[in-house]
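Here's the structure, in structure tokens; my notes come after.
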Amino acid sequence: MANGKLLKQLIRSGTEGDFSAFRSAAKEVIAEERQKHHHLLANDLETILYGRPCEPSSPAIRQLVQSVPEDRERSMALVSVREPTRHLEDVVLSRDNLALVKEVLQEHNREEVLAAHGLRPSDRLLFCGPPGCGKTLTAEAIASELGRPLAIVRTDSVVSSFLGETAANLRKVFDFSAAHPMVVLLDEFDALGKERDDASEHGELRRVVNAVLQMLDAYQGRSLIIAATNHEGMLDSAIWRRFEEVLFLKLPTDAQLCRLLGVKLRGVRYEFDLKEIVDRGWFKGDSHADVERVLRRAVKEMVLQWKEMRLCLKHLETAIHREGARKHRAAQR
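Per our numbering, residue -1 is the first one in the sequence shown, and the count goes up by one each step.
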């Protein structure tokens, strides 16, 4: 937690009604928590202070944003570039997936050694798994460990209603990726690499898949390309051969769930045993994102109560109940 001097400044400015000083002290508290890698707490404090988390942006990132390619039809940015804030220690992966990620990181960190022997690091990865199981988070952690920006490509901006424009947008994305060293995430990749033998699909989609295959084959850029899909069974069979490594991310096991709770509650004082929470089955069948959302609700309630700043079972029970109600409402739509 924040040091005593900062907390005194925060409380004094709040009781005296000095909002400017309170805001300044609060920003210092948030910065200190983020420096300690207490990102969940820092994000929640930012949500309370600003209404939403603030993403830090260095001058290099801001300059890169200015050169992001746009869709000609709607003048919409094809790529969202941001500075990664979460690290590998914030991700809970299976032993095999963690070993694979570390191997990829080593290849890129020792790129010059490989180049001396005429070799290149793996630069095309495929992440598969259900929603909320850490595909985007893992991509962000890889970007953070490599000290590179994270560029997220959204299919809603790339896919165009104009004949041939989708392939043209993809070409812009690959050219942009080749020119700047980044970690590029092709989200919802199944929309661009869908099985070409599907009789229900039209010729334009087949042309898009062909273009994707050709661009992946020809790619010799400076960025690490990561494609992510929730529906790997829909991918064209030829797509798989274009990726050097494939990660299958699944719902957390009980052991992973216990580790996940520990990671997400790092920097938060709590009065319960993590294994006991897992044994109660409160998060059974939940994804990583589901767990984080519940914990965020619980931490918000704890912070807003401002009593003991200690997370208890009651906070968790209330958050789980609210999350269950949210899921029920979503299912009724």
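No residue lacks a Cβ here, since even glycine has one placed at the ideal position from N, Cα and C. Fair warning: this is a prediction, and the values are worked out from it, not measured in the lab.
Which of helix, strand or coil DSSP assigns to residue i
i	result
Thr83	coil
Leu124	strand
Lys292	The sequence shown places Val at residue 292, not Lys. Three-state result, Val292: helix.
Leu117	coil
Leu263	coil
Pro51	Note that Pro51 has pLDDT 49, beneath the 50 cutoff, so the model's placement of it is unreliable and no number is given.
Ser78	strand
Val181	strand
Leu5	helix
Glu186	coil
Glu110	helix
Glu315	helix
Lys298	helix
Glu26	helix
Glu68	strand
Leu168	helix
Whole-angstrom C-beta distance between residue j and residue i, which should lie under 8 Å
i	j	result
Arg257	Val89	With a Cβ gap of about 10 Å, Arg257 and Val89 do not count as contacting.
His229	Asp195	In fact, because the Cβ distance is near 16 Å, the residues do not count as touching under 8 Å.
Ala216	Ala165	In fact, because the Cβ distance is near 13 Å, the residues do not count as touching under 8 Å.
Ser11	Ala23	6 Å
Ser158	Glu71	5 Å
Val171	Leu76	5 Å
Leu183	Ile237	Going by Cβ atoms, the distance from Leu183 to Ile237 rounds to 16 Å, so no, they are not a contact pair.
Candidates the options, of which the one nearest residue i by Cα
i	options	result
Asp185	Ser120, Glu242 and Cys126	Cys126
Glu81	Glu242, Ala24, Ile59 and Gly2	Ile59
Leu124	Phe20, Glu243 and Asp173	Glu243
Cys131	Ala226, Ala40 and Lys192	Ala226
Leu135	Ala176, Val151, Leu86 and Ser175	Leu86
Ser78	Ser65, Glu321, Ile140 and Leu233	Ser65
Gln254	Asn107, Val289 and Gly265	Val289
Met180	Phe174, Lys312 and Arg146	Arg146
Leu302	Glu31, Ala137 and Leu39	Leu39
Arg21	Lys34, Val182 and Leu5	Leu5
Leu249	His178, Pro129 and Leu214	Pro129
His178	Glu26, Leu263, Leu8 and Leu62	Leu62
Arg267	Arg320, Leu112, Ala19 and Arg308	Arg308
Ser92	Gly2, His286, Ile223 and Leu190	His286
Run of the alpha helix (DSSP H) containing residue i, from where it starts to where it stops
i	result
Thr136	Lys133 to Leu144
Asp94	Arg93 to Asn107
Pro57	Pro57 to Gln64
Glu274	Leu272 to Asp277
Gly130	Counting along the chain, Gly130 falls outside any alpha helix (DSSP H), and DSSP gives it neither H nor E.
Gly283	Segment: none, Gly283 is in no alpha helix (DSSP H) and carries neither H nor E.
Gly162	Careful: Gly162 lies outside any alpha helix (DSSP H) and carries neither H nor E.
Distance cut-off 6 Å: residue i Cβ against heavy atoms of the ligand MG
i	result
Leu222	For the structure depicted, the ligand MG is absent and the ligand set is empty, with no information on it obtainable.
Where the beta strand (DSSP E) through residue i begins and ends
i	result
Leu148	Leu148 to Val151
Val89	First-last for Val89: undefined, no H or E at that position.
Self-check item: Residue ranges of each alpha helix (DSSP H) within the region 192 to 254, 4 or longer
Solution: Within the region 192 to 254, the complete alpha helix (DSSP H) runs of at least 4 residues are 201 to 216 and 235 to 238.
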